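The listed protein sequences derive, respectively, from chains A, B, C and D. Under the working numbering, the first residue of the first sequence is numbered 1, with each subsequent residue one higher. Under the working numbering, the first residue of the second sequence is numbered 1001, with each subsequent residue one higher. Under the working numbering, the first residue of the third sequence is numbered 2001, with each subsequent residue one higher. Under the working numbering, the first residue of the fourth sequence is numbered 3001, with each subsequent residue one higher. Note that the Cβ used here is the ideal one computed from N, Cα and C, for glycine as well. Just so it is clear, the structure is predicted and the values come from calculations on it, not from any experiment. Everything on this sheet refers to the single structure shown next.
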Amino acid sequence: MSKYSAFSVFRHALSGNKSWGRAWRDPEPKASYDVVIVGGGGHGLATAYYLAKEHGITNVAVVEKGWLGGGNTGRNTTIVRSNYMMPGNTMFYERSMKLWENLSQDLNYNVMISQRGQYNLCHSPGQMDAARRRGNIMRANGIDADLFDRAEVKRRLPYLDYSDNARFPIHGAIYQSRAGTARHDAVAWGFARGADQRGVDILQQREVTGYLWEGGKIAGVQTSRGDIRAKKVALCVAGHSGHLAQMAGLRLPVETHCLQAYVTEPYKPLVDTVISFGAAHFYLSQSDKGGLVLGGDLDMYNSYAQRGGLPIVKHTLASAKALMPSVSRLKLLRHWAGVMDMSMDGSPFITKTPVDGLYLNGGWCYGGFKATPASGWCFAHTIATDTPHEDNAEFTLDRFERGYQIDEKGVGPKPNAH
Amino acid sequence: MPEPLSPLTNKTVAGHFGAGDAHGVTLGTRRVSSLWQIAGWGDFEAVAKPVLTSLGLSGLGCFRHAQQLGAVTVWRIAPDKILLEGVRDLAAAASEELMVLDLGHTRTAITVEGSASRDLLAQVIAIDTAPAAFGPGEFLQTGIHHVGVLIHCTGPDRFDILVPCTWAETIWEVLFDNALPHGLTIEEAA
Amino acid sequence: MKRLATGGRIDRSKPLTVSFDGKSLPALQGDTLSAAMLAGGVSLVARSFKYHRPRGVFSAGVEEPGAMVHLRDGGRHEPNARATVIEAFDGLVSSSQNAWPNLNFDVGAVNNWASPFLSAGFYYKTFIGPFKHSTKFWMMCETFIRRAAGMGRATHQTDPDTYEKRNAFFDVLVIGGGVAGLSATLSAGRMGAQVMLVEQDFDLGGAVLSDPVGSESESWVSVVRDELLAMENVRLLTRTTAIGAYDGDTYALVERVSDHLKAPQNHQVRQRYWLVHAKRVIMATGAIERPLVFGGNDKPGVMLAGAARSYLNRHAILAGQNVVVATNNNSAYEVAADLSQAGASVQLVDMRVSVADSTQAIARAAGATVVLGHGVLEAKGVKAVNRAIIAPVDVSGRAIGPAKTLKTDLIAISGGWAPAVHLWSQRFGKPVHDKASAGFVAPDNPDCPIQAAGTTAAAASLDEVLTQGFNQGVAAAQAAGFTGDAGEIPVTFDTGPFWQAGLSPAWATFNAKGKCQGKAFVDFQHDVKINDIDQAHLEGYVSVEHLKRYTTLGMATDQGKLANINALSRMAELRGLEIPEVGTTTFRPPFTPTSIGSIVGHEHGRHFRPTRLSPIHHWHVENGAKMTEAGAWMRPWYYPETGEDLRAAYVREAAHVRGHVGMVDVSTLGKIAVQGPDAAEFLNRMYVNGWKTLAVGRLRYGVMLREDGFVMDDGATARLGEHDYFMSTTTVNAAKVLALAEHLLQTAWKDLRVHVTTVTDQWAAIAVAGPKSRALLSAVSDADLSREALPSNHFTKASIGSVEVRIHRMSYSGELAYEVYTPSGFGRHVWETIHAAGKAHNLRPYGTESMGALRIEKGHVAGPELEGRTTMKDLGLEGFASSKKPFVGSVLRKRPVLEDPERPILVGLEIEGEKGAKPGSLLFPADGEAKGHGDGWVSSTTWSPALGCNIAMGLLKNGKSRKGETIRVINFVGGETLTAKVVSHHFFDPKGERQNA
Amino acid sequence: MIRIKCPICGLRNETEFTYGEDANVNRPSMDEQGVQPWVDFVFNRDNPRGWHKEYWHHVQGCRQWVVLERNTLTHEIGNCELARDAKLPPSQASEAAE
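What follows is the structure, encoded as structure tokens:
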């Protein structure tokens, strides 16, 4: 398979772009694998990639019910950052950030990591204090963070509302300069191509409908197109985690909720960074194509519908206008939804499960995209060695029983509040 | 005793606002003279009925129609809760079965009147405001600008909106802004 | 291009001043901007997204991919405005976008020559850069890409216009004011249903508006319109687009109230956002014409055939003199006929070999030449079409004979029609493929609340459109419960060959080698060519979603309205599948791009969220308080005296309370009446401490946990009577506590006879604190406030300024203090009465900042400590917990990690030096490397006037055993390292002698 | 827009309500001292793809908690009743009977 480069693009252009090879194969499944990964989104594909690359485990299949990258990988607002303050989270997300910073080179696929920075705005002295705590923890862990006062934020982002008319005046912001965005589809495709090159079989259009069992241990999966045997089965199915866990008799601390995303028509550059509003759950950035990409709250009620409701549309757009009044005449082009696996403390699971042979990667809430590389990296480690890496050591299922809630927001066991 | 201060004192500046010659909406305020809540449990209806009959009313009423007799208005706001305006001190009616609570300072009334009053309501609540769906004597508990309110249709195009006093200004401003295209008259505070 | 002397649905007596790029256009009332451009001979309107190719007016509707302009200026500036749907108004100023230095000479057009290197997905393969662990190279490239991308330039100015929302309830909502929609409205309306008809155009008629003036269909429309206008139960809304279909039979519409004017007049809104709840919806949204794909099909001068007819019949504009009409179906014959009749020389090139004579006769009779079995291979011309290369083609569109050149200035193309099923799809998923019309339609399901009628349902003749609309209207009214008589269908008419009857599956033309000749576009706005689809296929991006995302097809501002079906057809051919097997995408709202302002309505600026004001609010403002947000509330932060900043003011205020007496407005505390025979048991379950022994006339501090055992809230509760308790919560948690109480009482604790009711609005509360508070309140009230008469945690009724109040003996500041509760309507009066009487006692008001300083001196926890991750043990509140009874969270608080003795617990910190610590700083031992999460963190800080030093509260690992230790307090983001001594957090008067004075 | 037929107020938009939680979860009796039943109640969920019973609070209305049946896959709405009238999972019922 050819290496991508400006030169290869040039060479293919001269021959009319007629000789490009497939980015990944479309193989027939083998009868059995060492590892079957359920879910061909970013996390599943990254897990396959790192199993092959880091652990030499290449007899791996990724089984996807639709088309790869078609779930939350292709529906999110593309933000990457590592501004987490709870022990258990901080270094995991920083590992992810470090992997992001080399991902295009590693995959030989431009996933367009754009470290354009992220501002989390603060709208009260209390929020400034909370931001300072977060920033200090980041810095003490070797992660970049800056705290800006109102004047500095105004100098950097002059187009936000600093008028007396603002309901929640901006007091300042915490800023991570290494945060930014990545091209979400490319992440799935890049990992798919990388995994495929190392021998992983990517099996699309196969829905897992059950498990194969052998003496109380999972021995493979049943799919809509036949059984596939496996020594280990690893779930990376985001919003469908509860569903697939239940098939194995597990009840998870997870609820599935709908999260919407929004994009405007494309405009010439207006916003060159990522901005998170502090007075409501809202954030925005501008894609390379020029559309403002907006994100907001969950729809609040359990849903698998991948179709959002109206109240949150208004809520989100009102936040946009409150933050940046000039968006008023800009036009919403499209809004869509994904289903999130909201965990009870807002933090994920990368762990063996009580079911022998079954491994779980889920509970990503809003944060799945930014975690993609580290999630795959740590999950691969967990599957390959049967022990967690220290960066995912706390992402277990028994942490609620133990009282180790990793609650970045401090809102308690309300899945729709994280 | 001094007169209670309306939370809308600063807002009720008489005048005409918004669209030129139009007079679609008149906004005003009305003091809630007294407001009592009675509440009970399982046999609430039986326990509460004497209170209502003593006021000359036949029963507890329903969740949709207010009962009005003279200066007294009664709204059944929940299965086991009733609000009464315009009655004397009800404290004496309290018993182990019937809880009585003075809410006389919790709400103020914003009055909305005029040919466009139903349009104005349709701008701020997601309930059918057509006369057939919301006629005189009927009331609704709903939200305006995220705040719970009670709206009582007091005439063909006339409404009392009972709003919590601490939210009154914000709701007034929202009604004011929404009324401008209709042509708005503000009445002197009563 | 020229305006004809007669015809059209325009008012020639009303010329309008309209300009584009400074050029004045001969616009008339009734024109769109695109019509005015064509009338003014403007063929080059815009540059395309990627290759900056010249683009003209391609359509006459919302599907327009090319003619996008900057509209208006200043705060009303709007980028990406579609010239085809902008109504011309007097004073309209527009300009071109995405071109530099100008539209005619655009440097970006160099991309056109580089296009082979900019093939599908090229950016995934390039710009990776040579540097490991660095994103710099890509980001440098990205800067240039971002500047080149985007379309129009937006403004950072604030929109001066207003918007509003309107809720509406109808039995039947009819979307689309064409023949189907009008007849549906008519029948449903006649049966008595409340019907709303919405039409995105400014006029009713739909496709009829493109028929010649004076046609039979036009008179039908006017008859039906008159009948509808007379019906009280029918509401007609034009200039209104149905943008979305949502759950609960809720439909979002946007009415463009003032967009056809230079600016909104007389306080009217710019746009109105309708939320319509309708029992049934008739989707009579019509169909969108599909383009044909051939080289140069994007050039100015190539236009959809229906659009050419629309400009002719609606605006009296003949868009070309030498016209080639290229088609694969019958619908273009009327176009050829009308253009011919208007004086153009027309050659109709039909890809089909055999077409009914009667159909051919339509064009021939008007003077057009019909060439069968031919397709357009390529449109030639630099900035406008001047020649068409045509050739005989086979059924797959491949050239099978020698090509010839036709001189032309307009190529009108028709590749069939695609029903506009967007609204149905938004709610119900993927539409199904209808082989007969080669389009996607909603599946037949009479129970579906959204029913299609007319061409949306692939009706094949105008007669069928009319009948279907009428019948759907009847069905909808019946479904909504109406049984009235719908009467007769008003005159039907015979329309002969109509729409896309006889459609050929060929939709693209190729030369003899099977290649498109030149650049053949499928998605015009995003410059996706047919060979980009081929390349995506080669690389394995074969699913519809991969194709879309890899090539960006269908992602432009027209959301694939023109491109989707052609792209699917191509992928089906490449994969050797039928179109339904390739699948389609789900349409997402909104149907057309929608201004953010319209959906936001009034909820912006100050009204982004409601604001809650204390009954004493205006006194604070009038007396110079600096106010601050506290949740939804505004509270006095501090009352600066001349020249004071925040620090000077709070230090003075706090010292004043300790030295004299101060008053603070605490009306924002949550207040809940807890009533009932089981109230004490209820409190016992809600709070960690016991309540059964609290006597009437007394109050008690309580702590509440979440179900998971972490601290949720705290506050005092007073027992007012046998069954009456008065609970107070923190300001921010009031709503949460009330909702939780209601939940438990209505679900798990139905056995308790308790009612909870918010009385936050009933009571204003004023805390009077300081050594002179007793003297002051004794002077201003009639109460006996002596130590004996009113000890701590007791309350009494009293009168202040002839108002009945309740005085609670309760201290938050640590001073002798009282809370005065007064009915809120008297709040300001009582405040002012105390304030006036306070002159003799040197009373000063104080704000939340000094209140914070006072409570930190006392070591009381507040919001920064109750941050959702702290337990009672962590906060030193364990002593309040009763071991004799269960309470919310009593079991889960004892989980092992929460009982870990090493957990950070609340400590006091005395900061060394002049500089105070900042909340959020981290705590580290005096020596060693400062990294990781530290030993704890600083929650609250203040300068303590009482102690004369900087103090702080924080949570510190093993805090209990570290009293006296010197530790480091590091604020990394502020670049400050301080040292502090660990002390008890009860800094000041730990025995509470002052408050018990 | 979810439309909920409040037994007291009638058919209302979801914007008048706040979503509570899964109504199938089983709140243990106050006397329950075991950690596991509380962990199950507070944290673990069936999270069904399909019909779901859930609590909603009519905060901008009658302030009653209702139990709504709703399909999480299609958003279809089923029965809605006052929480106080709803049939409870077994252990809640037994507690209420105490």
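Count the other C-beta atoms from every protein chain shown that fall within 10 angstroms of the C-beta of B:Trp1036, then say buried if there are 16 or more, exposed otherwise.
In the second sequence, counting from the first residue as 1, residue 1036 of chain B sits at position 36. The residue is buried, with at least 16 neighbouring Cβ atoms inside 10 Å.
Outcome for C:Arg2855 when other beta-carbon atoms lying within 10 angstroms are tallied against a minimum of 16
Within the third sequence, the letter at position 855 stands for residue 2855 of chain C. Classification for C:Arg2855: buried.
Identify the residues that DSSP records as bridge partners of C:Pro2845: which are they?
In the third sequence, the residue the question calls residue 2845 of chain C occupies position 845. C:Pro2845 pairs with C:Met2663.
Quick check on D:Tyr3019 - is its C-beta less than 9 Å from some C-beta in chain C?
Mapped onto the fourth sequence, residue 3019 of chain D falls at position 19. No, D:Tyr3019 lies away from the interface with chain C (no Cβ there is under 9 Å from its Cβ).
Among C:Gly2296, C:Ser2425 and C:Gly2852, which one has its Cα closest to the Cα of C:Thr2655?
For the purposes of this step, residue 2655 of chain C is taken as residue 655 along the third sequence, with counting starting at 1. Strictly speaking, residue 2655 of chain C in this sequence is Ala, with Thr absent from that position. Closest by alpha carbon: C:Gly2852.
So, helix, strand or coil for C:Val2281, using DSSP?
In the third sequence, the residue the question calls residue 2281 of chain C occupies position 281. Three-state result, C:Val2281: strand.
Taking Cβ-Cβ distances shorter than 8 Å, what residues in chain A pair up with D:Ile3002?
Translated into the one-based positions of the fourth sequence, residue 3002 of chain D becomes position 2. Neighbours of D:Ile3002 on chain A, chain order: Tyr301 and Gly309.
Taking CB distances under 9 Å as the criterion, tell me whether A:Leu332 reaches chain D.
As a first step, residue 332 of chain A must be located in the first sequence, where it is residue number 332. Not closer than 9 Å to any Cβ of chain D, the Cβ of A:Leu332 fails to qualify, so no.
Quick check: is the beta carbon of C:Ser2802 nearer than 9 Å to any beta carbon in chain B?
Stepping through the third sequence from its first residue, residue 2802 of chain C is reached at position 802. At least one chain B Cβ lies under 9 Å of C:Ser2802.
How about the stretch 2175-2186 of chain C and the stretch 291-299 of chain A: do they share at least three Cβ pairs that are nearer than 8 Å?
no
Run down chain B in chain order and give the residues with a C-beta less than 7 Å from the C-beta of C:Lys2165.
The residue given as residue 2165 of chain C occupies position 165 in the third sequence. Going along chain B in sequence order, the residues near C:Lys2165 (Cβ under 7 Å) are Gln1123.
If you pair each beta-carbon of the stretch 3070-3077 of chain D with each one of the stretch 318-332 of chain A, do three or more pairs fall below 8 Å?
no
Using 8 Å for Cβ pairs, my map puts C:Ser2331 next to C:Trp2417. What's the rounded Cβ distance?
Taking the first residue of the third sequence as position 1, residue 2331 of chain C is located at position 331. Taking the first residue of the third sequence as position 1, residue 2417 of chain C is located at position 417. Rounded, the Cβ-Cβ distance is 7 Å, consistent with contact.
Buried or exposed, going by whether 16 or more other CB atoms sit within 10 Å of the CB of D:Gln3092?
As a working mapping, residue 3092 of chain D is identified with position 92 in the fourth sequence. Its pLDDT being 40, under 50, D:Gln3092 is placed unreliably by the model, and nothing is read from it.
When you compare the CB of A:Ile137 with every CB in chain C, is at least one pair closer than 9 Å?
If you number the first sequence from 1, residue 137 of chain A lands on position 137. By this cut-off, A:Ile137 is an interface position.
Given 8 Å, three or more beta-carbon pairs between the stretch 130-141 of chain A and the stretch 2968-2977 of chain C:
yes
Determine the extent of the alpha helix (DSSP H) in which D:Arg3003 is found, giving its start and end residues.
As a first step, residue 3003 of chain D is located in the fourth sequence; it is residue number 3 there, counting from the start. Looking at the DSSP string, D:Arg3003 is not in any alpha helix (DSSP H); the run it does join, the beta strand (DSSP E), is Arg3003 to Cys3006.
Starting from the Cα of A:Trp213, find the closest Cα among A:Arg402, A:Gly180 and A:Ala248 and give me that residue.
Counting from one through the first sequence, the residue named residue 213 of chain A turns up at place 213. For the residues A:Arg402, A:Gly180 and A:Ala248, the minimum Cα distance to A:Trp213 belongs to A:Ala248.
Local Cβ density within 10 Å of C:Ser2187, reported as buried at 16 or more and exposed below that
Locating residue 2187 of chain C in the third sequence gives position 187, where the first residue counts as 1. Buried, since its Cβ has 16 or more Cβ neighbours within 10 Å.
Nearest chain B C-beta to D:Val2975 closer than 9 Å, yes or no?
Absent from the structure is residue 2975 of chain D, since the part of chain D shown begins at 3001 and ends at 3098.
Under 7 Å by beta carbon: chain B residues contacting C:Asn2104:
Residue numbering aside, residue 2104 of chain C sits at position 104 when the third sequence is read from its first letter. Near C:Asn2104 there are no residues of chain B at all, since even the closest Cβ is about 43 Å away, more than 7 Å.
Starting from A:Ala305, find everything on chain D with Cβ-Cβ shorter than 8 Å and list it in chain order.
By 1-based counting over the first sequence, the position of residue 305 of chain A is 305. Within chain D, the residues near A:Ala305 are Thr3072, Leu3073, Thr3074 and His3075.
Classification of A:Ala245 by the beta-carbon crowding that lies within 10 angstroms, buried from 16 upward:
In the first sequence, counting from the first residue as 1, residue 245 of chain A sits at position 245. The residue is buried, with at least 16 neighbouring Cβ atoms inside 10 Å.
Please work out which residues of its chain come closer than 7 Å, Cβ to Cβ, to C:Gln2995, disregarding the five sequence neighbours upstream and downstream, and give them in chain order.
Within the third sequence, residue 2995 of chain C is the residue found at index 995, counting from 1. Closer than 7 Å at the Cβ level, and outside the excluded window around C:Gln2995, lie Ser2792, Ser2811, Gly2814, Glu2815, Leu2816 and Ala2817.
Quick one: is D:Glu3095 buried, meaning 16 or more other Cβ sit within 10 Å of its Cβ, or exposed?
Within the fourth sequence, residue 3095 of chain D is the residue found at index 95, counting from 1. For D:Glu3095, the predicted structure reports a pLDDT of 39, less than 50, and the residue's modelled location is therefore unreliable. A value from the coordinates is still provided. Under this definition D:Glu3095 is a buried residue.
Give me the Cβ distance between C:Cys2949 and C:Glu2993, rounded to the nearest whole Å; I'm assuming they're in contact under 8 Å.
As a position in the third sequence, residue 2949 of chain C is number 949, starting the count at 1. As a position in the third sequence, residue 2993 of chain C is number 993, starting the count at 1. Actually they are not in contact, since the Cβ atoms of C:Cys2949 and C:Glu2993 sit about 21 Å apart, beyond 8 Å.
Ordered along the chain, which non-local residues of its own chain (more than five positions away) have a Cβ less than 7 Å from that of D:Glu3098?
Reading the fourth sequence from its first residue, position 98 is the one you call residue 3098 of chain D. Residue placement at D:Glu3098 cannot be trusted, given a pLDDT of 33 that sits under 50; what the coordinates show is reported in the next sentence. Within the same chain, and ignoring the five residues on either side of D:Glu3098 in sequence, no residue has its Cβ closer than 7 Å to its Cβ.
Would you mind working out which of C:Pro2990, C:Thr2557, C:Thr2966 and C:Asp2935 sits nearest C:Ala2946, comparing C-alpha positions?
Translated into positions along the third sequence, residue 2946 of chain C becomes position 946. When each option's Cα is compared against that of C:Ala2946, the closest is C:Pro2990.
Got a sec, what are the start and stop residues for the beta strand (DSSP E) C:Asn2297 sits in?
Working through the third sequence from its first residue, we reach residue 2297 of chain C at position 297. No beta strand (DSSP E) contains C:Asn2297, which DSSP labels as neither H nor E.
Beta carbons nearer than 7 Å to chain C: which residues of the stretch 250-279 of chain A have them?
Glu265, Pro266, Tyr267, Lys268, Pro269 and Leu270
Using DSSP with H/G/I as helix, E/B as strand and the rest coil, what is C:Lys2692?
In the third sequence, counting from the first residue as 1, residue 2692 of chain C sits at position 692. Three-state DSSP puts C:Lys2692 in coil, outside helix and strand.
Closer than 9 Å to chain C by CB, D:Asn3013
Stepping through the fourth sequence from its first residue, residue 3013 of chain D is reached at position 13. Chain C contact via Cβ: present.
Tell me, please, which residues DSSP counts as bridged to A:Leu332.
To locate residue 332 of chain A, count along the first sequence from 1; it is residue 332. A:Thr264 and C:Thr2594, per the DSSP bridge assignment.
Taking 8 Å as the threshold, find out whether the stretch 345-353 of chain A comes into contact with the stretch 363-372 of chain A through three or more Cβ pairs.
The stretch 363-372 of chain A and the stretch 345-353 of chain A touch, with three or more beta-carbon pairs separated by less than 8 Å.
Which partner residues of C:Phe2608 appear in the DSSP bridge assignment?
On the third sequence, position 608 is the one that residue 2608 of chain C refers to. Bridge partners of C:Phe2608 according to DSSP: none are assigned.
Relative to the C-alpha of B:Gln1141, which residue among D:Cys3080, D:Cys3062, D:Val3039 and D:Asp3046 is closest?
Numbered from 1 along the second sequence, position 141 holds the residue referred to as residue 1141 of chain B. Closest option to B:Gln1141, Cα to Cα, is D:Cys3062.
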